[in-house]
Amino acid sequence: MAASIRQVTLALLKPDLCADPLRVRAVVNILESADSGLEILHRRRLLWSEEEAGHFYAEHKGRFFYERLVGYMTSRAFEALALEGPNAIQQWRSLIGPTQPVRARISMPMTLRAMYGLTDTRNSFHGSDSPETARAELALFFPKFYPGA
Numbered sequence: 001m002a003a004s005i006r007q008v009t010l011a012l013l014k015p016d017l018c019a020d021p022l023r024v025r026a027v028v029n030i031l032e033s034a035d036s037g038l039e040i041l042h043r044r045r046l047l048w049s050e051e052e053a054g055h056f057y058a059e060h061k062g063r064f065f066y067e068r069l070v071g072y073m074t075s076r077a078f079e080a081l082a083l084e085g086p087n088a089i090q091q092w093r094s095l096i097g098p099t100q101p102v103r104a105r106i107s108m109p110m111t112l113r114a115m116y117g118l119t120d121t122r123n124s125f126h127g128s129d130s131p132e133t134a135r136a137e138l139a140l141f142f143p144k145f146y147p148g149a
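Count the sequence shown with UniProt numbering and you get residues 1 to 149, in order.
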């Protein structure tokens with residue numbers, strides 16, 4: 001059995017989810033349960049400009065979904081959370097499930113994207129994919145606590 005590594009990761013609750021306070025509360029309740037293995041260290045609600053969203057999603061620039069993604073992420077408020085726990089990056093990504101909600105509903109129906117995701121773009125959640133990405137993303141959203149990305 002592999003040793004668990006304590007990590008901090010970024011979780012985004014995207015605009016479609018944040019439009020419904022009851023859904024946000026349900027997700028936070030899941031995270032606050034002992035079963036999640038994750039602790040919410042910091043939480044912030046914000047509304048992005050096109051420039052901010054474009055910077056965050058720069059790796060996707062030029063791809064067919066980029067404009068739709070930036071438009072979606074600037075359409076209304078969303079929440080950023082810093083989550084800590086053993087293998088937090090993998091824990092959070094396992095909890096949210098596959099990027100495509102339709103695929104999640106078939107292969108992993110108890111994941112958050114299966115329950116709350118609408119489309120590939122409006123999939124309700126984001127999770128850092130590596131320790132390096134987590135550090136950079138946490139510094140962007142919580143610079144006071146995670147400086148110097």
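The beta-carbon is built from N, C-alpha and C at its ideal position, and this holds for glycine as well.
Nearest candidate by alpha-carbon position, reference residue 98, set 81, 88 and 126: Position 98 of the sequence shown holds residue 98. Selection 81, 88 and 126 evaluated against residue 98 yields 126 as nearest (Cα-Cα).
Close beta carbons around residue 164, own chain, < 7 Å, minus the five adjacent residues each side: For the chain, the structure presents residues 1 to 149; residue 164 sits outside this window and is missing.
Residue 5 - containing alpha helix (DSSP H), residue span: As a first step, residue 5 is located in the sequence shown; it is residue number 5 there, counting from the start. First-last for residue 5: undefined, no H or E at that position.
Contained beta strand (DSSP E) runs [length at least 3] in the segment 61–90, N- to C-terminal order: Segments of the beta strand (DSSP E) lying fully in the segment 61–90: 78–86.
Buried versus exposed, by CB contacts within 10 Å (16 or more), residue 111: Residue mapping note: residue 111 aligns to position 111 of the sequence shown, counting from 1. So residue 111 ends up on the buried side.
Buried/exposed call for residue 132, threshold 16 Cβ in 10 Å: What you label residue 132 is simply residue 132 of the sequence shown in a count that begins at 1. Exposed, by the Cβ-count rule.
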